[in-house]
Amino acid sequence: MSRDEWTAVDEYITDVLVQPDTALVEALNASEAAGLPSINVSPAAGKLLHILARVQGALSVLEIGTLGGYSTIWLARALPPDGRLITLEIDPKHAEVARKNLARAGVADRVEIRLGRALDTLPQLAAEGRGPFDLIFIDADKPSNADYFEWALKLSRCGSVIVIDNVVRSGKVIDASSDDTSVQGVRRLNDVMSREKRVSVTAIQTVGCKGYDGFAVALVLV
Ligand code: SAH
Ligand code: DHB
Ligand code: MG
Numbered sequence: 162m163s164r165d166e167w168t169a170v171d172e173y174i175t176d177v178l179v180q181p182d183t184a185l186v187e188a189l190n191a192s193e194a195a196g197l198p199s200i201n202v203s204p205a206a207g208k209l210l211h212i213l214a215r216v217q218g219a220l221s222v223l224e225i226g227t228l229g230g231y232s233t234i235w236l237a238r239a240l241p242p243d244g245r246l247i248t249l250e251i252d253p254k255h256a257e258v259a260r261k262n263l264a265r266a267g268v269a270d271r272v273e274i275r276l277g278r279a280l281d282t283l284p285q286l287a288a289e290g291r292g293p294f295d296l297i298f299i300d301a302d303k304p305s306n307a308d309y310f311e312w313a314l315k316l317s318r319c320g321s322v323i324v325i326d327n328v329v330r331s332g333k334v335i336d337a338s339s340d341d342t343s344v345q346g347v348r349r350l351n352d353v354m355s356r357e358k359r360v361s362v363t364a365i366q367t368v369g370c371k372g373y374d375g376f377a378v379a380l381v382l383v
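With positions in the sequence shown counted from 1, the corresponding number in my numbering is that position plus 161.
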């Protein structure tokens, strides 16, 4: 099987089952037109995030890494009208594109974009007493994954779910001597999670239109 076949099947699943609406399609078109990298979650993965948030009965969601707001739209649409999503983004241009995409999708009222380094905005959130969040999606710079996970735990409650994207990196994650800082970031994250008694965690490998990667899911136990 090749990436072309994974993509063809992903497109079939997207057409038949995921059925993204115009606002989601336009969010990707607008992101591409603005020159953003095509590193958003796939439509199928976006819908999985949406379903997880619904299963959680989530009222509050935290996302680290907004880009053009594609995953943000999927997550925000899982919230009731009084639900809130905070998404953290370092790049003002990405945030600007996301703002328009979120407005077009009709979820701007539920979403707050916080501009800045997540390692600065996360302590601010904690200091403001924000949280606990019902679901936290970590999808920013991979070298900081372990730090983001520690902050996610601080901003969680018993029953919160933490999802971390891109934990397989085409299989490179098993190379302990990799000089890829993202791979080392995922491995450090896994070290931290493996020693952390307050979570139950697994990871799932995925193939599809984004190639070969995967995501981890952690359930907060205390
Ligand atoms: N969740 C998005 C994709 C996010 S891509 C989706 O699936 O649609 C990763 C994003 O994290 C990029 O927009 C990048 O600018 C942002 N980012 C990178 N380093 C960051 C940091 N230190 N703090 C906050 N955001 C960061
Ligand atoms: C990268 C980041 C992502 O969030 C992703 O889903 C795929 C790739 C990257 O930085 O390469
Ligand atoms: Mg990602």
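Even for Gly, the Cβ is constructed at its ideal location relative to N, Cα and C.
Annotation for G230 indicates a beta carbon at 7 Å or more from all heavy atoms of ligand 2.
In terms of side-chain proximity, the C-beta atom of I365 is found no nearer than 7 Å to any non-hydrogen atom of ligand 2. Straight-line measurement puts the Cα of P198 at about 11 Å from the Cα of A191. The Cβ neighbour count for Q366, taken over all protein chains shown within 10 Å, is under 16; the residue is labelled exposed.
In this structure, the beta-carbon distance from D336 to V328 does not fall below 8 Å. Around the beta carbon of T233, a 10 Å sphere encloses 16 or more other beta carbons of the protein chains shown; the residue is thus reported as buried. C-alpha of D295 to C-alpha of R260: approximately 23 Å in a straight line. Under the 8 Å Cβ criterion, the region 318-332 counts as touching the region 364-383, having at least three qualifying pairs.
In this model, A194 and V368 are separated by some 26 Å (Cα to Cα).
Under the DSSP definition of a beta bridge, G369 partners with G372.
In this structure the region 216-224 does not touch the region 253-268; the number of beta carbon pairs closer than 8 Å is below three. Beta-bridge partners of T363 (DSSP): V378.
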